[in-house]
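Reviewing the structure listed below.
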Amino acid sequence: MSRNPYVRPISTTTWYMRNGRYKVYVLRELSSFLVMFYSFLTICALSAVADSPERWNAFLASQQNTAMIVFHAVALLYFLFFQTFPWFKLAPKAMPVQLGEKKLPDSYIIIGHYVVWAVVCIFIFWLAGVI
Amino acid sequence: MAIAKKAVVWGLFAAGGTLTAFVLPALIALFIVIATGNIPEGLQFAQIHAFASSWLGKACLFIVLFLSVWHAAHRLRVVAHDFGIRKDTLVANAVYTIAAIGTVLTAFYLLMIN
Numbered sequence: 001m002s003r004n005p006y007v008r009p010i011s012t013t014t015w016y017m018r019n020g021r022y023k024v025y026v027l028r029e030l031s032s033f034l035v036m037f038y039s040f041l042t043i044c045a046l047s048a049v050a051d052s053p054e055r056w057n058a059f060l061a062s063q064q065n066t067a068m069i070v071f072h073a074v075a076l077l078y079f080l081f082f083q084t085f086p087w088f089k090l091a092p093k094a095m096p097v098q099l100g101e102k103k104l105p106d107s108y109i110i111i112g113h114y115v116v117w118a119v120v121c122i123f124i125f126w127l128a129g130v131i
Numbered sequence: 132m133a134i135a136k137k138a139v140v141w142g143l144f145a146a147g148g149t150l151t152a153f154v155l156p157a158l159i160a161l162f163i164v165i166a167t168g169n170i171p172e173g174l175q176f177a178q179i180h181a182f183a184s185s186w187l188g189k190a191c192l193f194i195v196l197f198l199s200v201w202h203a204a205h206r207l208r209v210v211a212h213d214f215g216i217r218k219d220t221l222v223a224n225a226v227y228t229i230a231a232i233g234t235v236l237t238a239f240y241l242l243m244i245n
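Going down the list, the sequences are from chains B and Y.
Start counting the first sequence at 1; every next residue gets the next number (our numbering).
Start counting the second sequence at 132; every next residue gets the next number (our numbering).
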């Protein structure tokens with residue numbers, strides 16, 4: 001090893017700005033904040049259910065404003081484009097299905113994910129009484 | 132030992148990623164519905180209480196929340212590294228503590244709902 005090894009000057013805080021793929025990667029990873037946020041929002045909802053009907057109604061009332069509609073709508077789009085869709089897209093690479101000598105085509109696995117997703121969404125909306 | 136731990140964390144990450152990809156969009160959509168003030172029948176106290184007091188409901192809620200917080204914790208650890216925070220042990224302790232708190236709170240509230 002040489003005495004002064006050459007270290008490429010790459011910023012540890014802004015390295016992803018150099019390349020479009022890196023930017024998409026970072027945008028995708030930031031969706032983890034949404035997962036954490038909605039987990040704890042749901043835990044707050046649970047605490048209200050555990051307490052009393054009054055606390056539950058107060059929780060519902062606290063969520064009702066235009067700012068929250070906008071926030072949730074943006075969060076939903078962000079989450080779809082930077083978590084759900086990419087996750088389904090990489091599913092055949094993460095979980096390839098082999099049948100004998102052949103592999104199941106990627107498109108089958110991806111379409112399968114969208115079908116299951118539709119069923120899950122319909123079930124949750126049915127459970128909540130939205131549909 | 133390090134390898135064994137990594138497998139557990141990775142398993143939670145993968146399972147949580149799949150589950151959140153499927154479930155979270157619908158959950159966010161429900162929060163939009165709530166925010167508009169049109170509370171559907173299933174989100175009235177009696178119904179949501181009945182769901183959360185059934186064993187199946189408790190199991191669903193626990194699995195979704197447990198996997199979500201551990202999935203998010205693992206990714207936030209990597210995000211911290213990506214943004215130049217190189218104190219991994221400190222970050223790992225912080226994010227996994229948040230996940231553990233989320234897990235304990237979920238279990239506690241679910242046990243309180245009868």
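Ideal Cβ positions, reconstructed from N, Cα and C, are used throughout, including at glycine.
From a predicted model like this one, the values you see are computed outputs, not experimental measurements.
Other residues of its chain near residue i: CB distance less than 7 Å, five sequence neighbours each side excluded
i         : result
Ala91(B)  : Ile109, Ile110 and His113
Val209(Y) : none
Thr151(Y) : Ser199 and His202
Val56(B)  : The sequence given here places Trp at residue 56(B); Val does not occur at that position. Correct list, in chain order: Ala48 and Val49.
Val188(Y) : For the record, residue 188(Y) in the displayed sequence is Gly; it is not Val. For Gly188(Y), where only same-chain residues beyond five positions count, the Cβ hits under 7 Å are Phe182.
Ile26(B)  : According to the sequence shown, residue 26(B) is Val rather than Ile. Cβ neighbours of Val26(B) beyond the five flanking positions: Tyr16.
Ala211(Y) : Val222
Pro115(Y) : Outside the displayed range of chain Y (132 to 245) lies residue 115(Y), so it cannot be described from this structure.
Asp106(B) : Pro92
Residue from the options with nearest C-alpha to residue i
i         : options                                       : result
Asn245(Y) : Ala152(Y), Leu155(Y) and Phe182(Y)            : Phe182(Y)
Phe33(B)  : His205(Y), Asn224(Y) and Val164(Y)            : His205(Y)
His202(Y) : Ala146(Y), Leu158(Y) and Trp186(Y)            : Ala146(Y)
Thr234(Y) : Lys218(Y), Leu196(Y), Ile216(Y) and Leu207(Y) : Leu196(Y)
Ser31(B)  : Pro105(B), Lys102(B) and Pro86(B)             : Pro86(B)
Lys218(Y) : Lys89(B), Thr12(B) and Gly100(B)              : Thr12(B)
Ala94(B)  : Lys137(Y), Gly142(Y) and Thr228(Y)            : Gly142(Y)
Phe144(Y) : Ala230(Y), Phe239(Y) and Met243(Y)            : Ala230(Y)
Cys121(B) : Lys136(Y), Val139(Y), Val140(Y) and Leu155(Y) : Leu155(Y)
Leu41(B)  : Glu29(B), Gly20(B), Met68(B) and Glu54(B)     : Met68(B)
Ala166(Y) : Trp117(B), Asn4(B), Val115(B) and Ala61(B)    : Ala61(B)
Leu127(B) : His180(Y), Gly148(Y) and Thr149(Y)            : His180(Y)
Gln175(Y) : Ser52(B), Leu80(B), Phe123(B) and His72(B)    : Ser52(B)
Tyr227(Y) : Asn19(B), Met36(B), Arg3(B) and Pro5(B)       : Met36(B)
Beta-carbon proximity list for residue i, same chain, < 8 Å, skipping 5 on both sides
i         : result
Leu192(Y) : Ala183, Thr237 and Leu241
Phe59(B)  : Cys44, Ala45 and Ala48
Counted within 10 angstroms of its Cβ, other Cβ atoms place residue i as buried (16 or more) or exposed
i         : result
Tyr132(B) : Residue 132(B) lies beyond the residue range present for chain B, which begins at 1 and ends at 131; the question has no answer from this structure.
Phe82(B)  : buried
Thr132(B) : Because chain B in this structure spans residues 1 to 131, residue 132(B) falls outside the shown range and cannot be described.
Thr14(B)  : exposed
Gly168(Y) : exposed
Ser185(Y) : exposed
Thr84(B)  : buried
Ile232(Y) : exposed
Ile10(B)  : exposed
Ile131(B) : exposed
Gly100(B) : exposed
Phe88(B)  : buried
Phe153(Y) : buried
Phe239(Y) : exposed
Spatial neighbours of residue i in its chain, beta-carbon cut-off 6 Å, leaving aside the 5 residues before and after
i         : result
Leu104(B) : Val97
Met132(Y) : In this prediction, Met132(Y) scores a pLDDT of 44, lower than 50, which makes its location untrustworthy; the coordinate-derived value is nonetheless stated afterwards. Counting only Cβ-Cβ distances below 6 Å, and skipping sequence neighbours, we find nothing.
Val139(Y) : none
Phe125(B) : Ile131
| query | Residues in the segment 157–169 of chain Y with C-beta within 8 Å of chain B's C-beta atoms, listed in sequence order? | reply | Cβ contacts with chain B come from Ala157, Leu158, Ile159, Ala160, Leu161, Phe162, Ile163, Val164, Ile165, Ala166, Thr167 and Gly168.
| Touching or not, the segment 156–163 of chain Y and the segment 63–76 of chain B, by the rule of three or more beta carbon pairs under 8 Å? | yes
| task | Note down, in chain order, all residues in the segment 68–87 of chain B with a beta-carbon under 7 Å from any beta-carbon belonging to chain Y. | result | Those would be Met68, Ile69, His72, Ala73, Ala75, Leu76, Phe79, Leu80, Gln83, Thr84 and Trp87, in chain order.
| Residues within the segment 104–115 of chain B neighbouring chain Y, beta-carbon criterion of under 7 Å | none
| request: Below 8 Å between beta carbons is the criterion; list the residues of the segment 211–230 of chain Y that meet it against any residue of chain B, in chain order. | output: Listed in sequence order: Asp213, Phe214, Gly215, Arg217 and Ile229.
| query | Got a sec: which bits of the segment 171–182 of chain Y sit with their beta carbon under 9 Å from any beta carbon on chain B, in order along the chain? | reply | Pro171, Glu172, Gly173, Leu174, Gln175, Phe176, Ala177, Gln178, Ile179, His180 and Phe182
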